[in-house]
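The listed protein sequences correspond, in order, to chains A and B. 40 is the number of the first residue of the first sequence in the numbering used here; add one for each residue after it. 772 is the number of the first residue of the second sequence in the numbering used here; add one for each residue after it. Glycine residues also receive a C-beta, built at the ideal position from the N, C-alpha and C atoms. None of these values were measured; they are calculated from a predicted model. Right, one structure below, let's go through it.
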Amino acid sequence: MTRLSKVEVDRKWWEIGDFFRRNSLWLLMYCTGCCAIELPPAMTSAYDMERLGMGPMATPRQADILLVSGYLSLKTLRRLIYSYEQMSEPKYVVALGSCPINGGIYHDSHAVINQLDQYIPVDVYVAGCMPNTESVMNGFVDLMEQIRNKTAVGWKKYHERFEWYKANQINSLGEIDVHDEFHE
Amino acid sequence: MTNSMNNVEFVKNLVQAEITPLGVETVDRYQVAFVVAPGDVHHLLLKLRNAGWIQLSYLSAVDWLEENKFEVVYIVFNWDLPVYIQVRAKIDRDHPVIDSVLPIYPGAKYYERECHEFFGVCFPGNPDYEKQLILEGWDDIPPLRKDFDPQAYSDRKFPQRVYTADFSVTDEQNTKLTKRQLRKQRAASLRGGVQK
Numbered sequence: 040m041t042r043l044s045k046v047e048v049d050r051k052w053w054e055i056g057d058f059f060r061r062n063s064l065w066l067l068m069y070c071t072g073c074c075a076i077e078l079p080p081a082m083t084s085a086y087d088m089e090r091l092g093m094g095p096m097a098t099p100r101q102a103d104i105l106l107v108s109g110y111l112s113l114k115t116l117r118r119l120i121y122s123y124e125q126m127s128e129p130k131y132v133v134a135l136g137s138c139p140i141n142g143g144i145y146h147d148s149h150a151v152i153n154q155l156d157q158y159i160p161v162d163v164y165v166a167g168c169m170p171n172t173e174s175v176m177n178g179f180v181d182l183m184e185q186i187r188n189k190t191a192v193g194w195k196k197y198h199e200r201f202e203w204y205k206a207n208q209i210n211s212l213g214e215i216d217v218h219d220e221f222h223e
Numbered sequence: 772m773t774n775s776m777n778n779v780e781f782v783k784n785l786v787q788a789e790i791t792p793l794g795v796e797t798v799d800r801y802q803v804a805f806v807v808a809p810g811d812v813h814h815l816l817l818k819l820r821n822a823g824w825i826q827l828s829y830l831s832a833v834d835w836l837e838e839n840k841f842e843v844v845y846i847v848f849n850w851d852l853p854v855y856i857q858v859r860a861k862i863d864r865d866h867p868v869i870d871s872v873l874p875i876y877p878g879a880k881y882y883e884r885e886c887h888e889f890f891g892v893c894f895p896g897n898p899d900y901e902k903q904l905i906l907e908g909w910d911d912i913p914p915l916r917k918d919f920d921p922q923a924y925s926d927r928k929f930p931q932r933v934y935t936a937d938f939s940v941t942d943e944q945n946t947k948l949t950k951r952q953l954r955k956q957r958a959a960s961l962r963g964g965v966q967k
């Protein structure tokens, strides 16, 4: 009997971890826009997210999925980057609606960004304005499939291309630190 | 006063006893607008507040680019008499300055900050009017002015997703569709042979 190498053992452990992880996903719902209205039917008895092992989570540090539902203004993006960097790894990002994809109906707004994946890596996009609840649920199932196939690697990409993401963030935001009068 | 048209007449008499408005417009049964000179705004608002219009519902500006004017609009509300009163005053667009109404309506604090942020109107008398409220680190002319081009700003500031001319969201190999059809056939065959 041959001993497995460390890499192989690690991979096995990751597969076991991923099995449990994908069957128990906790969402951090960052309900920025109108797509958030699709979440109540997805969570409650109509579509019952719990049967997929998913549930809402209160804090970023305990959540697996960052759910961006809708448009992101510059002000929101700052807070979103904070939340994303606070989340423990592995972490996944699901973006609902057409606004994070290409700006949607806010493509010419002075305050709304056009492309979320320039700032943080996105694993699953659910297109539509707004997507119906079936597609939202389908997006979650796709994410589970991606975790099983080891293709949900957005958080690794964020490490690899950290400089690129930071440069984009600074380019659009000017400064990532939050300065507001209620916290100073 | 149960008849609401009488209410509007009552308000018109009340205002005309104080100042001579440049124009009066009855918007509907519950709303009446007065166009006044910028110098009369504070006098009129003080009188209205003392007459019962204790709530400043909104304060904003309208940009009249062709006339080179900003029109500052105050909307006040009375909880006892169902009439909104709009007070409008046109101020110079190049030097948009009008004294704050903070001593009359303390709630104007945030409205004035918002108005300064989006239109660039200055409100001396409000100690905070220049502080940022909604936009963070804004680096251009105020965004709700008519000569501001949001599309150009968005193009300059935010990366755009580029699509090819023949872009399509459908899967070219249609792998999912074929797989789904195969699954359906398989399911049908298991149910008892409606196989095709």
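- In the DSSP annotation of this structure, Q931/B is not part of any alpha helix (DSSP H), being labelled neither H nor E.
- Following the DSSP letters along the chain, one finds F805/B in no alpha helix (DSSP H) but inside the beta strand (DSSP E) bounded by residues 802 to 807.
- In the DSSP secondary-structure assignment, Y855/B is bridged to Q802/B, F848/B.
- As the crow flies, the alpha-carbon of V807/B is around 12 angstroms from that of E789/B.
- Within the same chain, and ignoring the five residues on either side of D851/B in sequence, the residues whose Cβ sits closer than 8 angstroms to its Cβ are G823.
- Put simply, the backbone Cα of K51/A is about 10 angstroms away from that of K45/A.
- Residue environment for Q157/A: buried (at least 16 other C-beta atoms within 10 angstroms of its C-beta).
- Under the three-state reduction of DSSP output, M96/A falls in the coil class, being neither helix nor strand.
- Neighbourhood of P914/B in chain A, by CB distance below 7 angstroms: H149, in chain order.
- Here V798/B is not near F805/B, since their CB atoms are 8 angstroms or more apart.
- Less than 8 angstroms divides the Cβ of Y881/B from the Cβ of L904/B.
- Listed in chain order, the non-local C-beta contacts of L827/B below 6 angstroms within the same chain comprise V847, Y876, G878, A879, local neighbours out to five positions each way being set aside.
- Comparing alpha-carbon positions, the option among Y164/A, V151/A, N177/A lying closest to Q922/B turns out to be V151/A.
- Under the three-pair Cβ rule at 8 angstroms, the segment 132 to 149 of chain A counts as touching the segment 157 to 166 of chain A.
- Look at S211/A: its C-beta is under 8 angstroms from a C-beta on chain B.
- The shortest C-alpha to C-alpha distance from L78/A to any of F58/A, A102/A, R61/A, L106/A is the one to L106/A.
- V843/B counts as buried, since at least 16 other C-beta atoms from the protein chains shown sit within 10 angstroms of its C-beta.
- Here the alpha carbons of G167/A and F894/B stand approximately 43 angstroms from one another.
- Taking a 10 Å sphere around the C-beta of F221/A, we find fewer than 16 other C-beta atoms and assign the residue as exposed.
- Straight across, the Cα-Cα distance linking T83/A with S960/B is about 35 angstroms.
- Considering only beta carbons, the part of the segment 152 to 176 of chain A lying closer than 8 angstroms to chain B consists of I152, N153, Q154, Q157, A166, in chain order.
- The beta carbon of S122/A is closer than 6 angstroms to those of P99 in its chain, skipping five residues each way along the sequence.
- Any Cβ of chain A closer than 8 angstroms to the Cβ of R951/B would place that residue at the interface, and such an atom is absent.
- Residue environment for I76/A: exposed (fewer than 16 other C-beta atoms within 10 angstroms of its C-beta).
- Around Q922/B, the beta-carbon contacts reaching into chain A at under 7 angstroms are D147.
- For T797/B, the beta-bridge partners assigned by DSSP are V803/B.
- Residue range 113 to 125 is occupied by the alpha helix (DSSP H) that includes I120/A.
- Scanning chain B for C-beta atoms nearer than 8 angstroms to the C-beta of I140/A yields R932, reported in chain order.
- Taken atom to atom, the span from the alpha-carbon of L113/A to that of F919/B is near 18 angstroms.
- Using a CB distance below 8 angstroms, no part of the segment 40 to 70 of chain A faces chain B.
- Note that the C-beta distance between M176/A and Y86/A is below 8 angstroms.
- For V858/B against L815/B, the beta-carbon gap comes to about 6 angstroms, under 8 angstroms, which counts as contact.
- Within the same chain, L64, L66, Y131, V133 come within 6 angstroms of I104/A by CB-CB distance, once the 5 residues on both sides are set aside.
- Taking C-beta atoms under 8 angstroms as the contact rule, E888/B and L830/B fail to qualify, at a distance of about 13 angstroms.
- Within the same chain, I120, Y158, I215 come within 7 angstroms of Q208/A by CB-CB distance, once the 5 residues on both sides are set aside.
- Of R932/B, N821/B, R951/B, T949/B, the smallest CA-CA separation from P874/B is found for N821/B.
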